[in-house]
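Participant: Residue numbers (our numbering), protein chains in the order written: chain A, 10 to 146; chain B, 10 to 146.
Backbone N, C-alpha and C fix where the C-beta goes; we use that ideal spot for every residue, glycine too.
Protein chains: 2
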Amino acid sequence: MFSIGQLSSKVGVKVPTIRYYESIGLIDPPHRSEGNQRRYEPEVLDRLTFIRHARDLGLSIDAIKDLLILNANPDMPCDEAHLIANQHLKDLARKITQLQQLSLELTRITQNCDSDTVGHCKVLEALGDHSTCKSDH
Amino acid sequence: MFSIGQLSSKVGVKVPTIRYYESIGLIDPPHRSEGNQRRYEPEVLDRLTFIRHARDLGLSIDAIKDLLILNANPDMPCDEAHLIANQHLKDLARKITQLQQLSLELTRITQNCDSDTVGHCKVLEALGDHSTCKSDH
DNA sequence: TGTAATTGCTCTAGTGACTAGAGGTTCAAG
DNA sequence: CTTGAACCTCTAGTCACTAGAGCAATTACA
Ligand SMILES: [Zn+2]
Ligand SMILES: [Zn+2]
Ligand SMILES: [Zn+2]
Ligand SMILES: [Zn+2]
């Protein structure tokens, strides 16, 4: 039996976050002490660890909800889990590509100014003007 | 004199977003028609175009506020503008690196399963267990 | 001039995934 | 038995919008 603070330090999820996860139905409400404090059984450790790691990998709460449902049914096919992971991988790739484009554009922009004052600053000019950009964004 | 809808289509910023920008003080409240509708002078075009492009490049509203203040003082040194842009560039680089790590990790994870059922799914196992990961996240 | 379609107005609430704070209660150690 | 840490609930704030309700003004066309 853990208090919420002990659970928190064991899995590395902050106390308010654990309560938040309970409030959105991601983890079950635990039993309470006589004084109404949360008391967790050891089983919650696995679930919360899973949630923590999946969040660290960037998966959304909704995706994690689905994965947890799957996890609870060992006889189901695991295609759907693969699908969710692959979808997230695609999302990541898209995001990375876009950020790289922005980075390139901004690198170009920031290397352009040989003025000292705002009036002729090429950086400010380029920030306000898409026409000199090489890519869409 | 533009209506908010005309301004919106000219600069590619949605009508509610323009009103939102006004509400947070990013653009000045324009004059109103007799019927209380917003009527914009042409000067707002530049400002809103600047905002739009800077947002597209990923800059925060706060950063844009600072840049707009600079923009209004042509005699000031432009170091601060460079600083803001460079800071954003750093943020971008950090974000990209992190997403690339996640992507690598997830690629590894998703290529690991030769099971058909959830019970022995390596993907689900790896999602819940950081100990097999090659990087921090 | 009549009327209908479009555009505009304000206000509130919702998004995602938490985080911060107020104001109070319970627990564990000494 | 006292003290201080940890816990409780509830509300509101974060960021940059977006959606919707319910109504008013404008514009286009007949
Ligand atoms: Zn400059
Ligand atoms: Zn551009
Ligand atoms: Zn599998
Ligand atoms: Zn990991």
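Cβ of A:Ser112 less than 9 Å from any chain B Cβ?
Facilitator: Locating residue 112 of chain A in the first sequence gives position 103, where the first residue counts as 1. Cβ-Cβ to chain B under 9 Å: yes for A:Ser112.
Participant: On a Cα-Cα basis, can you pick out the residue from B:Asn45, B:Thr26, B:Glu89, B:Gly44 that is closest to B:Arg36?
Facilitator: The residue labelled residue 36 of chain B in the question sits at position 27 within the second sequence. The sequence given here has Ile at residue 36 of chain B, not Arg. Nearest option by C-alpha distance: B:Thr26.
Participant: Quick one: any contact between the region 82 to 89 of chain A and the region 126 to 142 of chain B, if contact means 3 or more CB pairs under 8 Å?
Facilitator: Because the criterion of three Cβ pairs below 8 Å is met, the region 82 to 89 of chain A and the region 126 to 142 of chain B touch.
Participant: Between which two residues does the alpha helix (DSSP H) harbouring B:Asp71 extend?
Facilitator: For the purposes of this step, residue 71 of chain B is identified with residue 62 of the second sequence, where counting begins at 1. Unbroken alpha helix (DSSP H) run through B:Asp71: 70 to 80.
Participant: Go through the region 19 to 97 of chain A residue by residue and report every complete run of the alpha helix (DSSP H) that reaches 4 residues or more, in order.
Facilitator: Listed in chain order, the complete alpha helix (DSSP H) runs (minimum 4 residues) inside the region 19 to 97 of chain A are 24 to 32, 53 to 65, 70 to 80.
Participant: Between A:Glu134 and ligand 2, is there a pair consisting of the residue's CB and a ligand heavy atom that are separated by less than 8 Å?
Facilitator: By 1-based counting over the first sequence, the position of residue 134 of chain A is 125. Checking every heavy atom of ligand 2 against the Cβ of A:Glu134, none is found closer than 8 Å.
Participant: Are the CB atoms of A:His97 and B:Leu115 nearer to each other than 9 Å?
Facilitator: As a first step, residue 97 of chain A must be located in the first sequence, where it is residue number 88. As a first step, residue 115 of chain B must be located in the second sequence, where it is residue number 106. Contact: yes.
Participant: Counting only Cβ-Cβ distances shorter than 7 Å, please list the residues of the region 66 to 93 of chain A near chain B, keeping chain order.
Facilitator: Under the 7 Å Cβ criterion, the region 66 to 93 of chain A contributes Leu66, Gly67, Leu76, Leu79, Asn80, Asn82, Pro83, Asp84, Met85, Pro86, Cys87, Ala90, His91.
Participant: In this structure, what does DSSP give as the bridge partners for A:Thr126?
Facilitator: As a working note, residue 126 of chain A is residue 117 in the first sequence. DSSP lists B:Pro86 as partners of A:Thr126.
Participant: Roughly how many angstroms separate the alpha carbons of B:Leu16 and B:Lys23, rounded to a whole number?
Facilitator: Start at 1 with the first residue of the second sequence, and residue 16 of chain B comes out as number 7. Start at 1 with the first residue of the second sequence, and residue 23 of chain B comes out as number 14. Cα to Cα, the separation comes out at about 9 Å.
Participant: Just the C-alpha distance for B:Pro38 and B:Tyr29, rounded to the nearest angstrom, thanks.
Facilitator: Indexing the second sequence from 1 puts residue 38 of chain B at position 29. Indexing the second sequence from 1 puts residue 29 of chain B at position 20. Cα to Cα, the separation comes out at about 11 Å.
Participant: Less than 8 Å between the CB of A:Asp65 and some heavy atom of ligand 4, yes or no?
Facilitator: On the first sequence, residue 65 of chain A is found 56 positions in, with the first residue counted as 1. Yes.
Participant: If you draw a straight line from the alpha carbon of A:Ser140 to that of B:Ala72, how long is it in whole angstroms?
Facilitator: Position 131 of the first sequence, counting from 1, holds the residue named residue 140 of chain A. Position 63 of the second sequence, counting from 1, holds the residue named residue 72 of chain B. Cα to Cα, the separation comes out at about 21 Å.
Participant: For the candidate residues B:Thr119, B:Gln107, B:Leu79, B:Leu111, whose alpha-carbon lies nearest to that of A:Ala94?
Facilitator: As a first step, residue 94 of chain A must be located in the first sequence, where it is residue number 85. The shortest Cα separation from A:Ala94 among B:Thr119, B:Gln107, B:Leu79, B:Leu111 belongs to B:Thr119.
Participant: Looking at A:Leu79 and A:Ala63, is the spacing between their C-beta atoms short of 9 Å?
Facilitator: Within the first sequence, numbered from 1, the residue matching residue 63 of chain A stands at position 54. Within the first sequence, numbered from 1, the residue matching residue 79 of chain A stands at position 70. Contact: no.
Participant: Suppose you measure from the CA of A:His146 to the CA of B:Leu66; what does that come to, to the nearest Å?
Facilitator: For the purposes of this step, residue 146 of chain A is taken as residue 137 along the first sequence, with counting starting at 1. For the purposes of this step, residue 66 of chain B is taken as residue 57 along the second sequence, with counting starting at 1. A:His146 and B:Leu66: Cα-Cα distance of roughly 7 Å.
Participant: Whose beta carbon lies closer than 5 Å to any heavy atom of ligand 2, going through the chain in order?
Facilitator: That query returns the following residues: A:His139, A:Cys142.
Participant: Can you give me the C-alpha to C-alpha distance between A:Arg61 and A:Ser69, rounded to a whole angstrom?
Facilitator: In the first sequence, the residue the question calls residue 61 of chain A occupies position 52. In the first sequence, the residue the question calls residue 69 of chain A occupies position 60. Cα to Cα, the separation comes out at about 11 Å.
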